[in-house]
Structures are given as C-alpha cells and as structure tokens.
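Engineer:
Number of protein chains: 2
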Amino acid sequence: MAEEKGKITTQAEDFPQWYQDVVREGDLAEAAKVVKGCMVIKPHGYAIWEKIQAGLDRRFKETGHKNAYFPLLIPMGFLNKEAQHVEGFAPEVAVVTHAGGKALPEGEQYAIRPTSETIIGHFFAKWIDSYRDLPLLINQWANVMRWEVHTRLFLRTTEFLWQEGHTAHADHDEASEEVLRILDLYGDFAHNVMAMPVIRGIKTESEKFAGAVQTMSIEAMMRDGKALQAGTSHDLGQNFGKAFDVKFQNEEGREDFVWQTSWGVSTRLIGGLIMTHSDDTGLILPPKLAPVQAVIVPIFRKAHEKEKVLPAAAGLRDELKSAGVAVELDDREGKRPGEKYYEWERKGVPIRIELGPRDIESGEAMTKLRIADGKVKMPIATLAQDLGGVLDGFQDFLLERAVKFREDNTVTIDSWGDFTDVFKDGESRFAWCHWDGTAQTETAIKEETKVTIRCIPLEGQGPDSEPGKCIKTGKPSKRRVLFARAY
Amino acid sequence: MAEEKGKITTQAEDFPQWYQDVVREGDLAEAAKVVKGCMVIKPHGYAIWEKIQAGLDRRFKETGHKNAYFPLLIPMGFLNKEAQHVEGFAPEVAVVTHAGGKALPEGEQYAIRPTSETIIGHFFAKWIDSYRDLPLLINQWANVMRWEVHTRLFLRTTEFLWQEGHTAHADHDEASEEVLRILDLYGDFAHNVMAMPVIRGIKTESEKFAGAVQTMSIEAMMRDGKALQAGTSHDLGQNFGKAFDVKFQNEEGREDFVWQTSWGVSTRLIGGLIMTHSDDTGLILPPKLAPVQAVIVPIFRKAHEKEKVLPAAAGLRDELKSAGVAVELDDREGKRPGEKYYEWERKGVPIRIELGPRDIESGEAMTKLRIADGKVKMPIATLAQDLGGVLDGFQDFLLERAVKFREDNTVTIDSWGDFTDVFKDGESRFAWCHWDGTAQTETAIKEETKVTIRCIPLEGQGPDSEPGKCIKTGKPSKRRVLFARAY
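Chains as they are written, first to last, in my numbering: chain A, 686 to 1172; chain B, 686 to 1172.
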C-alpha cells in the first residue's frame, strides 16, 4: 500500500485509503504490525476515547450502573457452556496455554476474553440469591480480544477497548426495559455528543449476538454511504442464567433463573466519528469530543512583536481556559504559523485563533472554523464569552450536516433492479426495503450483493410500518427494514 | 481457611486473615478462583480505584504527560532484547500460543504484557528522530499479568490494573529529574490523598527493576509493621534505548540513544490503603478517596414518621450533594438502622448521619465519625457547610495517626542481637541500620531473617547521613538504610 506521509487521498478517489490517511495525519493511531491486527492508540486518539468514556460513564452512573472489573482470562470450559456463544466466539479467541514457565494442563487453559458474559455469569451466580439482590447493574471498562482476519484501525482490531454492561433482572419485562434504556442512552450520546445521527432497531436472527435472544443496535451512516454498527444492546433472556446457574428466589419464594442483558460500545466509535465528519483536509471533531477545542497561533516576526504577542496570547489562553474552553497555545519555536495551521487542521481542532501585533492593536483576532471558507474577526475582549456559542453552533452544524447527508443518501426501493443498481460496484446507501422475514432470503441477498439487513427499525426510526412485498422474493412483508453495506 | 461471612478476625489474632476479612466485609474484591491468582474488583473496590485514577491522572497531565494505549500482547522475542529484563520477567509471563483456531508458529507467540517497556521501546524508536521530539512523556492505564505463585487480593495478583509511565529524554540529567518528579508526585499523592505517609528512597541493586539503572520507591508502613512498596520510578538509562534502537539526533547533530524512565503504581495501593487505616471493625477510608463520604440513615417506626423523615433526609442529601459531599441516602426498606450502620461501617464510610423525627424537630442530627467513641450532634441547617470541615479534619486525623503509628514503630538499631530481636517471630518494624553496602551482606541478612533493605533513603527521608558500622559485618557504612519485612 502506498502510504505517503503528509498526503491525504480524497474520499472520492479511494475512501478506505482516505480513512487511513486521516487517522495517520490526525496522529490518532497506528497499526502495531508486530502484534497481529492490534493498534497503538496515540495520545490524540486516546484523548478522544477519554472524552467518550467520561460522557458515557457519567450516563451509566446516572442510570444506576456501577463499574467493576473481572479477569482478563476466561477458563476455556466457560465458553462452552452456552451453545450459541461458543459457536460464535471460539473460532476467534486467543488462548493462553503456557504460564509461569510451564505448560498448562488441557483443562486449565484460558481464553483472553472476547467478551465477558461467561465469567460474569459465573460471579452473578455467586452474588445473587434473592430478588432483593436484583436488579444487578454492572459495567466494565476493559480491553478484549477477537482474532479477526481483516483488521482496520479503530473499526476492527484484534484487541480493542470497550465498555461492556452486564445486568441481571427478576423478570423479562424489566430486562427488556434495560435493553431499550441503554439503546436510547447510546443513541442520545451518538446524536448529541458525537453529532452522529443513528437509527435504532432490532438485528435479524442471523446478525444477533451469539447467545442473545435479541440484539438491538444503533446504525450510523458513514460518508461513503455504508453503515456502521456503533453499539449493541442484547436481551440475553435466561440463556446465560441457565448456562451458569444464576438462580434467585423471587418474591413469591419460588426459584427462577435471572433475566440478563449485556451491551457495549468500543473504540470503534472513533472510527465512526472520523467517517461521519472528516473531509479531504483531514480530521474534523465535534467540539464536545475534541480534546483541543480551540488553538491559539501567535504570529510575529521580530523580537519586539514576540514580546507583545506571546504574553497577550498566554493571557487569552488563560481567559478561554477559565471560560471552560479546552484551549491550546501553540507557541512552539521553529515552526511557521502556516505549518501550525496545517497540523491543527489535520488534528480536527474546531476553531483556530490567529493573534498578531495588529490584531492586538485593533482588539480583534482572526478566527477560522475547521469547516469554513473564510476567516472571521472576533473581538478579543469578549472572545472568552463568545467562543462557547461558536463551538455550540459548530456542534449543531456538524449534526445537521450529518443528518442531511444521511437524508440525501437514503432511498426507498421497491424493485430488485433498483436495489442492485443502488448497490452496484461496491457503492452503498441506506435503503428501506420490504423483506419477507426469512433468513433464507436475507442470506440470498447478502451472498449476491454483500448488502445486509442492518436492522428492523423501532417505531419512528424508519418509514411508518406498512405491509408490502419482499424486494427479492415478492412474498408478503410486514414492514420495511434497513439495508446497507456495512463495516 | 476458615472464612466466616460477617466475621472480622482481629489484627492481633491473625493479621493476614484480618486483611482478607476486611476486604470481604467491605465488599471490595474477591478471589476469582476459577482464574489462577486473579481477582474480581467489586463495585465498592473499583470506585476507590477510580478515585485513585482520577487523582493521579490529573497530576500526570498537569506535569505534561499524555495517555496512550499499547497492545496487550508482546512478541516473545521483544522480552529477550534486554538481558536483565528477560531474566526478571520471562519466568512469570503468560503465553499465547494459539489464536483464531490455530497454533501460532514458535516465532509468532506472544506474552501477555507483564510491563510495557519493550513494546513501547519499539514504538519510541519509530516516533523519535530528533531532540525536537523529546522529551516524550507517555502514560498508559492498563491491565498487566505476572504469573505469581503466592497471591493476595490487591497486594499481589496475577492480573492487576495499573498505570505505567514511559518517558524518553535527550540526556541523563533530564531523565533523572523526571524519575524524581514522579517519585515526589507519588509521595505527595500517598501523603495528601491516601493519608499514607511514605519514605522515598533508592532500591538496592538486587531489588531494582529488571532492566533499570536505578529504581526509586515509596515505602509505606502497614499496621503490622511491615513495609509496602507502594510505587516505583525507574531510571532506565540507555538500556532500552540500546535494546530497541531508540536513537535521536541531538542539538549538535550527533546521533545518540535516548535516556528513558518508567514508573508505576497499581491496584496494590488499595491494599496499602486498607492496611494503613482499617481496624478490627473493618474498612476505614480517608475522605479524599471514599466513594461514599457520608451516609444518611433515616430513622422511623410509624408511617407518619416515615412521611416526615424521608423527605427531610432526601432534602439533606441534596444539600450535601450540592456542597460537594459524596453522600448516599440509605432508604432501603426491610433493613433496620442498626444493620445499615454495621454495613456502612464495614464499607469504611467516614461519617454517618442519623436522622429521625426528634432530630428534625430539634434541628440537630446525630453524627458518628467512622473512628470515634461517641456520636456528635450537629445542626441540620448548617450541616452542608460544616461537613467539609469535619471530613477535612478526619482526613488530617488519619494522616496524623498513621504518621504517629510509623514513628512509634520505627527504631534505630546498632547491634545484630537487637536486630534479630526486633524482627523475631515474623514481627516487623521500620529499622534504620548501618549496612556495608554489599549485595552479599544484604543476601545474608535476607536469608537468615527474611528482612530486606526497603530503600536507601533520599536526603531528609531518614536519619541524617552519618557513617557507622554495618549491623551484620561491622564493616564501614556510609549511612543508615531502611530495613523491614515487606509485602
């Protein structure tokens, strides 16, 4: 692959290469190479993850969840206890067979967790006795590993960082409410913080989590028209409760298995963020997740200018900081302002403030939003109080733009000819189509076109529910579902 | 082992059992059992870790460090590149030999990171070209694994959570400053936040980190007189720079290897916190790290009392929350106040507020500090503004008590007879003794008594530097060093 430092391929030319270039030029992450399919998350990328973590963690806590930490290693036998689960995950696990200088006996080998339903199920069985112990609402921030063949930075890596929620309930209704509560939490976060609109829906049987009764997801549109499954929330029914013997005495004194849910989002969200907002100049970050929201670039040529500009720039930085803006003063020596502009643009900083001797005299600084044709003069004296509004406006703008992009690239299709036309040559859009509800038809479409059903939309998340005829078989369909190519 | 739920063995009776009981009754963690030497960190324990993380993370960032994330797996060959490092860590690694359903070829097997100097060295070599790239100041929050034979909750577990700082510098002086800067940061945090006084010093050659030129540590006294190495800061010299070919062009245009440091603290700190403050009633937490600083227990018998007490208690909770107190209102039904007192005491909550109908009438609530013989009446109307001071006072009290305990249990010893007497029957204190500076004598003392040199104190951290005679050999000694049994 021709990787040229400094170059960003255009989206039109080669979208996957554009994505790689944006990640590299934004200094977000790099492929580890020496560890199969793993990545190094560099400081700027990790800082975005920290903001995502902080926002989600607060929301999890506000909804009564508590963080805990379970072992990285899972006894191999645990994976086998839930039939669908082992089928889904066993092929992708990394296995520890030696430790402490010795080979581990066959029965004492471990999988590095691909997800933690099994080990957490084991402990839930120890912790739960009665309905008084329920609901049990746990979340874990952790690394997990799935030995994938094809990997891409943030989107699919053998190791990734995520949060996994695991809850146990006394009845199915309460568990179902939890599944939806979290789906909404994810959806709100994507919409309001990531400025990434999503569609909430139910995965088909063949796309659901291995071991779940039902999986719900949020699906976002990337700028190449493909879908990104950005978060999932699973109704596990009593599957893991039965596999791990998680029993409780209910209010009537009878024993029953708990009803469980699990749900997660990962560093994949950063991939979604990039492919929702960024352009051919590089990364664009919504202010609510930008580690640096504003950068001040001081401009001077001579020593007496420097003496004047640098203290003023530092003063402005302190003012902005006090006003709650994540601001950086780029006072590096040996770099020209143009080089600095270029670097910060590629890092996706929402707004740049240029401050030179004449700006200080006139009391107005030149500002440049990351997406804007021109620069805007803003009074320096009120910048600290004005900037919040500008950043809010930019956040709104990004969301509106993403919503519009999705609208412009969403179609309703009623014929197979139109379907293959829309999805020709690897292209993608969001397509609302009727489907006969069978796995057979779903598979046939997928095999022929590589297009998949992203979800069966929840009420209000797609076209109104009305019956029709399957786009592929012509058989009766209850409602349209969402088709797209997907990451 | 006789583990009785609800029972806390006294410290005097059996200190190790007391420790286990406090951890269990405080609901902090439990041994995973199904995964060798691993633990589950339960919500109350994890919440303490989150407070430790937040406090340290802020300090790391204030001193210019940035977080990043490196792969969990390390190519086995990487460990071999630094001779001392492989000797120290190879015997304890867990090895991944199978992944994705296949055996990995011999040369492509991985160690689960026991620490990350090697993999980070590899990336530093890619990222650093010139002195302009230095200093590079990175921190990572991560899980690591060391296959230890004897494990104890928090103190030594096969998997543990930690932060590991890794920095690269252009010269040795700057690296040495960083080592000390971090040692001070750790020391201040232990002292001011954990209320755990520590002694800062240099580890002997035989106790230093495998691959370091010099290791510094903070050493705390536990309530059984033993030492806990609570944090370490390593001067790596150019050892890893040379092993991983981390070269840079210096200001004069010559090539040189970088000078590196690494430093870390782990979930072990929670073990230190427990053994510094807790008593025979259970956990005691300093307010600055208590996930719940104050608990309100409403007291009522009849319905009309409940109607009066609960809203007042909720109001008080909201007031305290607004004042910045981490407060919990324990309005659980079906539990008597006495049961609640008992439970919260064992969770180490610094202050309890009892609120009944008569308290509301009199305008004064009964409060009980976690360590106090009696209860104190405090005016409800000003509780929100008064409680901060009470909690600060409690924090100070815990620190003073810990300092006094250490003073009372620190001795200066000048004869081998006194030494063996102080350390007889597995007992421990902090003992300042002369040592001839040889590894031979250090080993002889360790083999005979299991007492080790904890550190050679930095200036002002122990008795004034004056020469003397080695306690064991009578040979000349430059200064006293710190001896103790250790965790």
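Positions of the beta carbon are idealized from the N, C-alpha and C atoms, including for glycine.
#1: Which ranges would you report for the alpha helix (DSSP H) in the stretch 913–977 of chain A if only whole runs of at least 4 residues count?
#2: Would you say residue 846(B) faces chain A, with C-beta separation under 8 Å as the test?
#3: Under 8 Å between the Cβ atoms of residue 947(A) and residue 802(A)?
#4: Excluding the 5 residues flanking residue 712(B) on each side, which residues of the same chain have their C-beta closer than 6 Å to its C-beta?
#5: Mapping the DSSP letters down to three states, classify residue 827(B) as helix, strand or coil.
#6: If you draw a straight line from the C-alpha of residue 882(A) to the C-alpha of residue 761(B), how long is it?
#7: Does the beta carbon of residue 949(A) sit closer than 8 Å to a beta carbon anywhere in chain B?
#8: I need the DSSP call for residue 1056(B), collapsed to helix, strand or coil.
#9: Strictly below 7 Å CB to CB, what residues from chain A border residue 832(B)?
#10: Once the 5 residues before and after residue 894(B) are set aside, which same chain residues still bring their CB inside 7 Å of it?
#11: Among the residues of its own chain, which have a CB less than 7 Å from the CB of residue 699(B), if the five just before and after it don't count?
#12: Compute the beta-carbon to beta-carbon distance between residue 952(A) and residue 870(A), rounded to the nearest angstrom, for a pair I have assumed lies under 8 Å.
#13: Keeping to the same chain, check which residues put their C-beta closer than 8 Å to that of residue 940(B); ignore five residues upstream and five downstream.
#14: Do you know how far the Cα of residue 1098(B) is from the Cα of residue 1129(B)?
#15: Would you please verify whether the beta carbon of residue 1027(A) is less than 8 Å from any beta carbon of chain B?
#16: Please decide whether residue 727(B) counts as near chain A, where near means a Cβ-Cβ distance under 8 Å.
#17: The beta strand (DSSP E) with residue 886(B) in it runs from where to where?
#18: For the alpha helix (DSSP H) holding residue 1026(A), just list the boundary residues, first then last.
#19: May I ask which residues mark the beginning and end of the beta strand (DSSP E) holding residue 1137(B)?
#20: Does residue 1013(A) have its Cβ less than 8 Å from a Cβ in chain B?
#21: Identify the contact partners of residue 780(A) in chain B, using a Cβ-Cβ distance below 8 Å as the criterion.
#22: For residue 815(B), does the three-state DSSP call read helix, strand or coil?
#23: Assuming residue 1122(A) is part of the beta strand (DSSP E), what are its boundary residues?
#24: Let me know the beta strand (DSSP E) ranges lying completely inside the stretch 689–752 of chain A, each 3 residues or longer, listed in chain order.
#25: Can you look up residue 1037(A) in the DSSP assignment and give me helix, strand or coil?
#26: Closest by CA to residue 1166(A), which one among 1160(A), 733(A), 1143(A)?
#27: Could you spell out the range, first to last residue, of the alpha helix (DSSP H) harbouring residue 1047(A)?
#28: Looking at chain B, is there any beta carbon in it that lies within less than 8 Å of the beta carbon of residue 928(A)?
#29: Where does residue 758(A) fall in DSSP's three states?
#30: Consider the Cβ of residue 686(A): report whether some Cβ of chain B lies at a distance smaller than 8 Å.
#31: Going by C-alpha to C-alpha distance, which of 737(B), 690(B), 694(B), 717(B) sits closest to residue 949(B)?
#32: Less than 8 Å separating the beta-carbons of residue 886(A) and residue 902(A)?
#33: Please classify residue 1153(B): does DSSP put it in a helix, a strand, or coil?
#34: Which term fits residue 857(B), buried or exposed, when burial requires 16 or more other beta carbons within 10 angstroms of its beta carbon?
#35: Mind checking whether residue 800(A) and residue 789(A) have CB atoms under 8 Å apart?
#36: Measure from the C-beta of residue 753(A) to each C-beta in chain B and report whether the shortest distance is under 8 Å.
Structural biologist: With the given structure in hand:
#1: The qualifying runs are 924–928, 953–962.
#2: yes
#3: yes
#4: 727, 729
#5: strand
#6: 43 Å
#7: Residue 949(A) has a beta carbon lying at 8 Å or more from every beta carbon in chain B.
#8: coil
#9: 784, 785
#10: Excluding residues within five positions, the ones whose Cβ falls inside 7 Å are 900, 917, 919.
#11: Shown here for residue 699(B): not one same chain residue has a beta carbon closer than 7 Å to its own, the five before and five after excluded.
#12: Their Cβ separation, rounded to whole angstroms, is 18 Å, which puts residue 952(A) and residue 870(A) out of contact at 8 Å.
#13: 932, 933, 934
#14: 17 Å
#15: With respect to chain B, the C-beta atom of residue 1027(A) has no partner C-beta closer than 8 Å.
#16: yes
#17: 883–887
#18: Per DSSP, residue 1026(A) is one residue of the alpha helix (DSSP H) stretching across 1022–1031.
#19: Its beta strand (DSSP E) spans residues 1137–1142.
#20: no
#21: Within 8 Å Cβ-Cβ: 781, 782, 783, 784.
#22: DSSP places residue 815(B) in strand when its eight states are reduced to three.
#23: Per DSSP, residue 1122(A) belongs to no beta strand (DSSP E) and is neither H nor E.
#24: 714–716, 724–726
#25: strand
#26: 1143(A)
#27: Note, residue 1047(A): alpha helix (DSSP H), 1042–1047.
#28: no
#29: Judged by DSSP in its simplified three-state form, residue 758(A) adopts strand.
#30: Residue confidence for residue 686(A) is low, a pLDDT of 44 falling below 50, so the modelled location carries little weight and cannot support an answer.
#31: 737(B)
#32: yes
#33: Strand, per DSSP.
#34: exposed
#35: Against a cut-off of 8 Å, the Cβ pair of residue 789(A) and residue 800(A) comes out as no contact.
#36: yes
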